[in-house]
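> Okay, handing you the structure first.
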Amino acid sequence: MAANEAVMALREALGAQVVALPDEFGERRVADWSGMPGATPVAIIRPRTTDEAAQALAICSQYKQPVVTQGGLTGLVGGANLLGGEVALSLDRMNRIIEIDEVSATMTVEAGTPLQTVQEAASAAGFYFPLDLGARGSCSIGGNLATNAGGNRVIKYGMMRDQVLGVEAVLASGEIVGGLNKMIKNNSGYDLRHLLIGSEGTLAVITRVVLRLRPKPTATATAWCGLPDFAAVTTLLTRAQASLAPGVSAFEVMWAGYHDTVIANLKNLRAPLAEPHPFYVLLESVGTDPARHGEAFEEFLGGMLEAGVVSDAAIASSEAHARDFWAIRDAPGEYERFIPNYAAYDVSFSIAQVGDAAQQCEARLRARWPNAIVMTYGHLGDGNIHIVVDIPERGKQDHDDVDRVIYDVTREFEGSISAEHGIGTKKRDYLHLVRRAADIASMRAIKAALDPHGLLNPGKVF
Ligand SMILES: Cc1cc2nc3c(=O)[nH]c(=O)nc-3n(C[C@H](O)[C@H](O)[C@H](O)COP(=O)(O)OP(=O)(O)OC[C@H]3O[C@@H](n4cnc5c(N)ncnc54)[C@H](O)[C@@H]3O)c2cc1C
């Protein structure tokens, strides 16, 4: 059926306020941050309620009209981009906080609500919502769920999957599934919530969500450490997890190549330590005893300095000082300013193998491109590193070859080609390297069961 017939039916049922045509939405951004190609939608649907989303999908199903769901468009793998001929369904108007239940420690939100809005509302109510990532101001809760986002505090609180109690979603048919479950225990049948989390818009459109809130930490200690080698980095991780009660809330590792490049290129950043070191760690621990927490943190770091695990360290003396440390770790949002043609990877390995795998990647890249800029950093507590590569004077010409180097090493170390960003279209052709044929066949069978005409986010994941 021709796309414009579907669009006419959508427009008639939902009105021009909800369904906009290309000459009406004009220059509105319709592609994510991945830099992958993206087509213009034949229309943009912006439902205000779950029922409007359900009505839209029922019409799309009737006309076999493909749909791409869009949240804050901060995804890094092309998952929200259009391949051509689809309508975009944006959740940007479904951005309300519906309820904070202080007794159950839950927050019920519409899926288009920005992550930062949720963090701030949780804090204002005396709670803590721990998911945190550099795109917090723009990314949506629905996008966080659809990609099972990770970020900075996974080491203590888990990924997005661990922050969610209830998921309401609309299937391609227009039927509404799931709901606003607030119970921690609910084993009545298959848990569709976990099927939809990480499904990248291919199985359903997530419309409303019940989030789990945590007690707000009343004490935070943050340090910037310089370390002599990777063995020292893993020793610091193990010792910090054993000693810093109630827990390490961030353990961000940066290889010198990352630290030196961002400090040299971003004038707002200052190196926290006077001398250079091969590795840096941003260590954060949260607690509930302001009187003792800082002291215990200092004692722990003193011991690590004495043992030679840490070569030098700076402890944040204020929240602003801690923010300066985090600004160095959040620098990836600024790459465009100095290496616009970069290629970025989001891989994971067992923690014990991260050092060797990263070393192999860098050695193989340098063997082929001696002057490559290679920046490695990541959430070591989760075995997740990001590798960013720029080949001076080659633009993006060699990106396919760089992909092969990184993904060959990932396969050899039995790692994952996507730790937290998803597959989208960017990594689709590499999925078979790390998943069995029977795994991919099972994914296809689930897709066919929930979306028999392949209308939701076609061409993504596999
Ligand atoms: C500077 C920066 C830093 C980042 N840091 C991290 C990080 O540390 N950790 C991390 O995990 N990610 C990170 N990301 C990636 C990205 O922000 C997250 O993956 C985020 O969760 C995407 O949310 P979004 O609303 O922007 O989704 P979009 O980009 O709009 O969509 C992403 C995918 O989800 C689907 N989708 C969106 N909303 C819905 C919905 N309501 N229902 C069904 N499907 C939907 C889309 O179809 C698409 O496949 C970062 C991105 C940037 C730009």
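Under the working numbering, the first residue of the sequence shown is numbered 1291, with each subsequent residue one higher. The beta carbon of each residue, even a glycine, is placed where N, CA and C say it ideally should be.
Within 8 Å, do at least three Cβ pairs link the stretch 1661-1671 to the stretch 1584-1594?
They do not touch, by the three-pair rule.
> Count the other CB atoms, across all protein chains shown, that sit within 10 Å of the CB of Ser1463; report buried if there are 16 or more and exposed otherwise.
What you label residue 1463 is simply residue 173 of the sequence shown in a count that begins at 1. Burial call: buried.
> Measuring only the C-alpha atoms, how far is Ile1349 from Val1399?
As a position in the sequence shown, residue 1349 is number 59, starting the count at 1. As a position in the sequence shown, residue 1399 is number 109, starting the count at 1. In a straight line, the C-alpha of Ile1349 is about 25 Å away from that of Val1399.
> Give the DSSP-derived three-state secondary structure of Cys1515 in the structure shown.
Within the sequence shown, numbered from 1, the residue matching residue 1515 stands at position 225. Three-state DSSP puts Cys1515 in a strand.
> Would a C-beta distance cut-off of 8 Å place Met1384 and Thr1497 closer than the cut-off?
Taking the sequence shown and counting its residues from 1, one reaches residue 1384 at position 94. Taking the sequence shown and counting its residues from 1, one reaches residue 1497 at position 207. Going by C-beta atoms, Met1384 is nearer than 8 Å to Thr1497.
> Below 7 Å, is the gap between the Cβ of Glu1710 and the nearest heavy atom of ligand 1?
Along the sequence shown, one-based indexing puts residue 1710 at 420. Answer for Glu1710: yes, Cβ within range of ligand 1.
> Put Leu1272 into one of helix, strand or coil per three-state DSSP.
A query on residue 1272 cannot be resolved here, the shown segment of the chain reaching from 1291 to 1752 and no further.
> How big is the Cα-Cα spacing for Met1291 and Lys1716?
Counting from 1 along the sequence shown, the entry for residue 1291 is found at position 1. Counting from 1 along the sequence shown, the entry for residue 1716 is found at position 426. A caution first: Met1291 carries a pLDDT of 47, below 50, which makes its placement in the model unreliable, though a value can still be read off. If I take the Cα positions, the gap works out to 29 Å.
> Looking at the structure shown, is Asn1477 part of a helix, part of a strand, or coil, going by DSSP?
Reading the sequence shown from its first residue, position 187 is the one you call residue 1477. Residue state, collapsed to three classes: coil.
> May I ask you to check if the CB of Lys1750 is nearer than 7 Å to at least one heavy atom of ligand 1?
Your numbering for residue 1750 matches position 460 in the sequence shown. Yes.
> Taking all protein chains shown into account, decide if Lys1750 is buried (16 or more other Cβ within 10 angstroms of its Cβ) or exposed.
Here residue 1750 refers to the residue found at position 460 when the sequence shown is read from its first residue. Label assigned to Lys1750: buried.
> Considering Phe1569, what are the terminal residues of the beta strand (DSSP E) in which it resides?
As a working mapping, residue 1569 is identified with position 279 in the sequence shown. Taken as a continuous stretch (DSSP letters only), the beta strand (DSSP E) holding Phe1569 covers Phe1569 to Gly1577.
> Between Ala1513 and Leu1573, is the Cβ-Cβ spacing less than 8 Å?
Numbered from its first residue, the sequence shown carries residue 1513 at position 223. Numbered from its first residue, the sequence shown carries residue 1573 at position 283. The answer is yes: Cβ separation under 8 Å.
> Please name the residue in Val1377, Phe1703 and Glu1596 whose C-alpha comes closest to that of Asn1747.
Translated into the one-based positions of the sequence shown, residue 1747 becomes position 457. The option with the nearest alpha carbon to Asn1747 is Val1377.
> Output the distance between the C-alpha atoms of Ala1738 and Arg1613, rounded to the nearest integer angstrom.
For the purposes of this step, residue 1738 is identified with residue 448 of the sequence shown, where counting begins at 1. For the purposes of this step, residue 1613 is identified with residue 323 of the sequence shown, where counting begins at 1. The alpha-carbon atoms of Ala1738 and Arg1613 are separated by roughly 46 Å.
> Look at Thr1396 and Val1500 and say whether their C-beta atoms are less than 8 Å apart.
On the sequence shown, position 106 is the one that residue 1396 refers to. On the sequence shown, position 210 is the one that residue 1500 refers to. Yes.
> Measure from the alpha carbon of Leu1534 to the alpha carbon of each residue in Thr1551, Asp1519, Asp1579 and Glu1410, then state which is nearest.
By 1-based counting over the sequence shown, the position of residue 1534 is 244. Ranking the options by Cα distance to Leu1534, first place goes to Asp1579.
> Just to confirm my understanding: we take Ala1621, look at its own chain, exclude 5 residues before and 5 after, and list those with CB closer than 7 Å. What are they?
As a first step, residue 1621 must be located in the sequence shown, where it is residue number 331. Once the five neighbours on either side are set aside, the close Cβ partners of Ala1621 are Val1552, Leu1556 and Leu1559.
> Do you know whose CA, among Thr1528, Ala1532, Pro1404 and Ile1641, lies nearest Asp1422's CA?
Your numbering for residue 1422 matches position 132 in the sequence shown. Comparing Cα positions, the closest option is Pro1404.
> Considering only their Cβ atoms, is the gap separating Pro1312 from Thr1330 smaller than 8 Å?
Walking along the sequence shown from the start, residue 1330 turns up at place 40. Walking along the sequence shown from the start, residue 1312 turns up at place 22. Closer than 8 Å, so yes.
> In terms of alpha-carbon separation, which member of Cys1651, Val1543 and Arg1319 lies closest to Gly1441?
The residue you call residue 1441 lines up with position 151 of the sequence shown. Comparing Cα-Cα distances from Gly1441 to each of Cys1651, Val1543 and Arg1319, the minimum goes to Val1543.
> What I want to know is whether the C-beta of Ala1617 ends up closer than 7 Å to one or more non-hydrogen atoms of ligand 1.
In the sequence shown, residue 1617 corresponds to position 327, counting from 1. For ligand 1, not one heavy atom lies less than 7 Å from the Cβ of Ala1617.
> What I want to know is whether the C-beta of Gln1360 ends up closer than 7 Å to one or more non-hydrogen atoms of ligand 1.
Taking the sequence shown and counting its residues from 1, the one referred to as residue 1360 is at position 70. Because some heavy atom of ligand 1 lies under 7 Å away, the Cβ of Gln1360 counts as near it: yes.
> In three-state terms, what does DSSP make of Ala1662?
Counting from 1 along the sequence shown, the entry for residue 1662 is found at position 372. Here Ala1662 sits in coil by DSSP.
> Given a cut-off of 8 Å, decide if Ala1603 and Leu1595 are closer than it, judged by their beta-carbon atoms.
Numbered from its first residue, the sequence shown carries residue 1595 at position 305. Numbered from its first residue, the sequence shown carries residue 1603 at position 313. Yes. Within cutoff.
> Out of curiosity, what's the CA-to-CA distance linking Leu1347 and Gly1328?
Position 57 of the sequence shown, counted from the first residue, corresponds to residue 1347. Position 38 of the sequence shown, counted from the first residue, corresponds to residue 1328. If I take the Cα positions, the gap works out to 22 Å.
> Give, in chain order, every unbroken run of the alpha helix (DSSP H) that is at least 4 residues long and sits entirely within the stretch 1298-1381.
Fully enclosed alpha helix (DSSP H) runs of 4 or longer: 1312-1315 and 1340-1352.
> For Lys1472, which of Ser1351, Leu1461 and Leu1455 has the nearest alpha-carbon?
Position 182 of the sequence shown holds residue 1472. Minimum Cα distance to Lys1472 is reached at Leu1455.
> For Val1393, count neighbouring C-beta atoms within 10 Å of its own C-beta (all shown protein chains included) and say buried if the count is 16 or more, exposed if not.
Against the sequence shown, residue 1393 aligns to sequence position 103. Answer is exposed; the Cβ neighbour count stays below 16.
> Would you check if there are 3 or more beta carbon pairs closer than 8 Å linking the stretch 1304-1311 to the stretch 1421-1440?
No, because fewer than three Cβ pairs between the stretch 1304-1311 and the stretch 1421-1440 fall closer than 8 Å, the two stretches do not touch.
> Measure the beta-carbon distance from Phe1639 to Phe1569 and round it to whole angstroms, keeping in mind my assumption that it falls under 8 Å.
Looking up residue 1639 in the sequence shown gives position 349. Looking up residue 1569 in the sequence shown gives position 279. Contact flag wrong, Cβ pair sits at about 16 Å.
> Quick check on Tyr1632: does DSSP put it in helix, strand or coil?
Translated into positions along the sequence shown, residue 1632 becomes position 342. Coil, per DSSP.
> Give me the Cβ distance between Arg1426 and Gln1409, rounded to the nearest whole Å; I'm assuming they're in contact under 8 Å.
Sequence index remark: in the sequence shown, residue 1426 carries index 136 (1-based). Sequence index remark: in the sequence shown, residue 1409 carries index 119 (1-based). That belief holds up - the Cβ atoms of Arg1426 and Gln1409 are roughly 7 Å apart, short of 8 Å.
> Checking 8 Å against the spacing of the C-beta atoms, do Gly1774 and Pro1507 come in under that value?
This structure cannot settle anything about residue 1774, because the visible part of the chain is limited to 1291 through 1752.
> Would you decide whether Gly1416 is buried or exposed? Buried here means 16 or more other CB atoms lie within 10 Å of its CB.
Position 126 of the sequence shown, counted from the first residue, corresponds to residue 1416. Exposed, because fewer than 16 other Cβ atoms sit within 10 Å of the Cβ of Gly1416.
> I need the straight-line Cα distance from Leu1526 to Leu1486, nearest angstrom please.
Looking up residue 1526 in the sequence shown gives position 236. Looking up residue 1486 in the sequence shown gives position 196. Roughly 36 Å between the two C-alpha positions.
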